[in-house]
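S.K.: Residue numbers in the sequence shown follow this note's numbering, run continuously in steps of one, and reach 1180 at the last position.
The beta-carbon is built from N, C-alpha and C at its ideal position, and this holds for glycine as well.
Structure provided below as structure tokens; questions to follow.
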Amino acid sequence: MVGGNASFSYSKTESKNNNSNGTEITYSGIGGYTILLEPNVAYFIKNKLAVGSSINYVNSFIEENKLRFDGMNLGISPFVRYYFLDYDKNYNVFLEPSYNHFISENLGNSNGFGLKTGLAFFLNSSVAFETVLKYSKNNSENYINNNIYLGFGLQVHLEKE
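Here's what the structure looks like:
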């Protein structure tokens, strides 16, 4: 199986801060956009079960109190994908847990996990269009990053029995 996904995420976080005497509360908003590109390759080790890896390119734009940060991360994510329905269907549902390792100039290296689910629509016996929903959590020395992505993709099943 060879293919990939493109996903998009937006998050808005409100943080509370007390002033020096602790009586007033101010709110500051942190918003961010993230684009995730995941080309992948996998091998079916048995019917409906594939193991593989994706190379991840993440581009983030974060805005906090009129300060802007554009960042790029590169990563690798080994994964296991399981299809729930029989292979003779024109559609299938899958679940894909993964381990994530990212390298970033600005934020440092991070490790974490991802969980992707989706619906694959087979255009013919080998090519599938996918809609995906992915949760990802990554930790580094300086931050914890939680994202929910919504995206789409294309997979080519080189041999579909």
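Should GLY1022 and ASN1059 be called a contact, given that it needs their Cβ atoms to be closer than 8 Å?
M.R.: yes
S.K.: Taking the beta strand (DSSP E) that GLU1149 belongs to, which residues open and close that run?
M.R.: 1146 to 1158
S.K.: To the nearest angstrom, report how far apart LYS1153 and LYS1108 are at their CA atoms.
M.R.: 23 Å
S.K.: Helix, strand or coil for GLU1115? Go by DSSP, reduced to three states.
M.R.: strand
S.K.: For a test of the three-state rule: what should DSSP assign to TYR1102, helix, strand or coil?
M.R.: strand
S.K.: In the DSSP assignment, what residue or residues form a beta bridge with GLU1124?
M.R.: Looking at the DSSP output, GLU1124 shares a beta bridge with no other residue.
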